[in-house]
Structure formats: structure tokens, C-alpha cells
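Worksheet for the structure shown next.
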Amino acid sequence: MFSTILKETKCYNVEALKEILHGVKTAAAMRPEGTPYPRLVAVSKKQPLEKIVAVYNDGILHCGENYVQELHGKALKLELKDECPDIRWHFIGHLQSNKAKLLASVKNLWMVETIDREKVASALDRHWAMSSQSEEPLRVLVQVNTTLEGKFGCSVEEIGELAAFIRDKCPSLRFCGLMTLGRLTTGLPNKDFETLVKCAERIKKEFGMKELELSMGTSNNYKEAIKLGSTNIRVGSALLGERAPSCQ
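By this note's numbering, the letter at position 5 of the sequence shown is numbered 94, and the numbering carries on one by one without gaps.
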């Protein structure tokens, strides 16, 4: 079987996974009191199916993709359907409203982390309501541009308005928290992470929420993110190795 071959060959560095899990555990011991244990999302964009199945078999159910068409294509592959029935897909790339229909059709879509405009939220809400998975609202995060340099993400000042729009006008979506790409820096303090934490505290007070997801931290700075309260880290090359030069 496909999975048996993978278990024998291990097409990714298992020691890297062990090291990352150890790093997560160590950093989590220093996270703010009451913060949920962080979730590890394997960023699988431009990675072969074999690696996705391998990490799934090693207990990593959450995988993140940046491109709608690539994610849709992978989710349709029989290998993943058979070998990874409980995979939980995260969409972590920039989303355009005209791609919302295709994204909403992805089987096992678990979370969309990059809502940054009302137009995108409305489109996703509409298409998720018509999907076969609509019995449960789709988890979404508001992407925040904390660097003031990137193209994507709403401004710090726009978070409350966008989150309220999702809560009040998008019944098929569930606002769960905030996400930032942040600058790829190492060491403390990370100003982007600190900004997102402050935003989260403000939104929790405004919305009366006890918990709020924080998606921040990647391969080179996930430990710092966890120490500041990240509940969702996105690790790609450090776990799965270098990516292919082009999408499948």
C-alpha cells in the first residue's frame, strides 16, 4: 500500500518533526497562562503528496496551503482521500472573492486564516452555505497587516469592523481569531507578534470572547510566537524540506 511504502522510506526528515515538537513543548511551557496548547500546521504548498501522507501518519493532521487551485487539486487525489481521511486543511494564502466557490468545495476544509475584506467574507459565507459541509460554520481568522509593508491583511484599525461583519452578516462563518504573516525575524521582541497580541486583547474585550485564536509564527520564529500566546503555528520548510520549484 501507498502508506506502507512511506513508512518504510520516510520521505521527509522525521528527526526534524521530533525537534519541532520538542521546541513547541518547551516554548509552550512559557506561554501565557490560560493559552491553549499550540496547534502545528504543516505548510504543504508545492510539496508532493508523499510528504503530506507521511506527516499525517506521524500524527500531524493539520496542513496549510497557499493556493486555492493547488489545495483543491490535492484534496481530490485518491491517495489523500484513502490515506488521510481526517486531514484538516487550512487555507493560509491570499484569497480573492472569485476563488471562494472553489475553496468552499474542498473536502475537509477546516479553517481559512486570511480573511481581510468584507467582500471575501461575504463570498466565502455564501458558497460555504451551499456546500456539502455547511452543517457546521467554517472557522475563519481575520488577517492583520501588522508590518504596514505587505499588500495583504486589514489594518489594525479595521479589525473590529471586519470581525463584527463576519459575526453579524456571515452566519455560515465562525470568527475564531486573528492571523499575521509578520516579518521573518528571529529573537525577541517581535513587534508584529506583540501587536497582534494587543489587538487580540482589545477584540476579546469588545466582543466578550474568553478565547481568541492567534495564528502567528513560522519555521524560523514559532518558538517566540508561542511564548507570546500563539495558538496556531505554520511550519513549512523546517518540517517538510525545500519545496518544488512550481505548483503541481
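All residues carry an ideal CB built from backbone N, CA and C; glycine is no exception.
- Are G249 and E295 closer than 8 angstroms when you measure CB to CB? Sequence index remark: in the sequence shown, residue 249 carries index 160 (1-based). Sequence index remark: in the sequence shown, residue 295 carries index 206 (1-based). Going by C-beta atoms, G249 is nearer than 8 angstroms to E295.
- Message: Based on DSSP bridge pairs, tell me the residues matched to S304.
- Response: As a first step, residue 304 is located in the sequence shown; it is residue number 215 there, counting from the start. Paired residues: M268 and N321.
- Message: Quick check on DSSP: helix, strand or coil for S335?
- Response: Here residue 335 is taken as the residue at index 246 of the sequence shown, counted from 1. The predicted model places S335 with a pLDDT of 45, which falls under 50 and marks its position as unreliable; any figure quoted below should be read in that light. Coil at S335, not helix or strand.
- Query: If you compare alpha carbons, which of E313, A252 and Y311 is closest to C288?
  - Reply: Working through the sequence shown from its first residue, we reach residue 288 at position 199. Comparing Cα positions, the closest option is A252.
- Message: Closer than 7 angstroms to a non-hydrogen atom of the ligand HEM - does that hold for the CB of I109?
- Response: For the ligand HEM, the structure offers nothing, since it holds no ligand at all.
- Message: Let's test the definition: count the other Cβ atoms within 10 Å of the Cβ of A338 and tell me whether it reaches 16, buried, or not, exposed.
- Response: The requested residue 338 does not occur in the structure, where the chain is confined to residues 90 to 337.
- What are the start and end residues of the beta strand (DSSP E) that includes F180? Here residue 180 refers to the residue found at position 91 of the sequence shown. Following the DSSP letters along the chain, one finds F180 inside the beta strand (DSSP E) bounded by residues R177 to F180.
- beta strand (DSSP E) runs contained entirely in the stretch 182 to 249, provided each spans 3 or more residues: Fully enclosed beta strand (DSSP E) runs of 3 or longer: 198 to 204 and 227 to 232.
- Measure the CB-CB distance between V286 and L303 and report whether it falls below 8 angstroms. Here residue 286 is taken as the residue at index 197 of the sequence shown, counted from 1. Here residue 303 is taken as the residue at index 214 of the sequence shown, counted from 1. Taking 8 angstroms as the Cβ cut-off, V286 and L303 qualify as a contacting pair.
- Message: In this structure, how does DSSP classify L329 when only helix, strand and coil are distinguished?
- Response: The count along the sequence shown starts at 1 and reaches residue 329 at position 240. Residue state, collapsed to three classes: helix.
- Message: Among the candidates L328, L301, D257 and L169, whose CA atom is the shortest distance from the CA of L230?
- Response: Here residue 230 corresponds to residue number 141 of the sequence shown, with the count starting at 1. Among L328, L301, D257 and L169, the Cα nearest to that of L230 is on L301.
- Message: Is the beta carbon of F180 closer than 8 angstroms to that of V201?
- Response: Position 112 of the sequence shown, counted from the first residue, corresponds to residue 201. Position 91 of the sequence shown, counted from the first residue, corresponds to residue 180. Yes, they are a contact pair.
- Keeping to the same chain, check which residues put their C-beta closer than 6 angstroms to that of K293; ignore five residues upstream and five downstream. Within the sequence shown, numbered from 1, the residue matching residue 293 stands at position 204. So the qualifying residues of the chain are L301.
- Item | Check whether N321 and V130 have beta carbons under 8 angstroms apart | Counting from 1 along the sequence shown, the entry for residue 321 is found at position 232. Counting from 1 along the sequence shown, the entry for residue 130 is found at position 41. For N321 and V130, yes; Cβs fall inside 8 angstroms.
- Message: What does the Cβ neighbour count give for S319, buried or exposed, with the cut at 16 atoms within 10 Å?
- Response: In the sequence shown, the residue the question calls residue 319 occupies position 230. Of the residues assessed, S319 falls on the buried side of the cut-off, its CB having 16 or more other CB atoms within 10 angstroms.
- Query: Hey, how far is the Cα of V233 from the Cα of A314?
  - Reply: For the purposes of this step, residue 233 is identified with residue 144 of the sequence shown, where counting begins at 1. For the purposes of this step, residue 314 is identified with residue 225 of the sequence shown, where counting begins at 1. Taking the Cα positions, V233 is about 15 angstroms away from A314.
- Message: Below 8 angstroms on the Cβ atoms is my contact criterion, and I expect I149 with L169 to pass it. Report the Cβ-Cβ distance as a whole number of Å.
- Response: By one-based count along the sequence shown, residue 149 stands at place 60. By one-based count along the sequence shown, residue 169 stands at place 80. Your pair I149 and L169 does not check out as a contact, with CB atoms roughly 14 angstroms apart and the cut at 8 angstroms.
- Close beta carbons around L160, own chain, < 7 angstroms, minus the five adjacent residues each side: Counting from 1 along the sequence shown, the entry for residue 160 is found at position 71. Within the same chain, and ignoring the five residues on either side of L160 in sequence, the residues whose Cβ sits closer than 7 angstroms to its Cβ are E154, W178, F180 and V195.
- Residue nearest to E238 in terms of C-alpha spacing, selected from A164, E224 and D281: Counted from its first residue, the sequence shown places residue 238 at position 149. Relative to E238, the option among A164, E224 and D281 whose CA is nearest is D281.
- Task: Take C100 as the anchor and find which of P137, E122 and R256 has the nearest alpha-carbon.
- Result: The residue given as residue 100 occupies position 11 in the sequence shown. With respect to the C-alpha of C100, the residue from P137, E122 and R256 having the closest C-alpha is P137.
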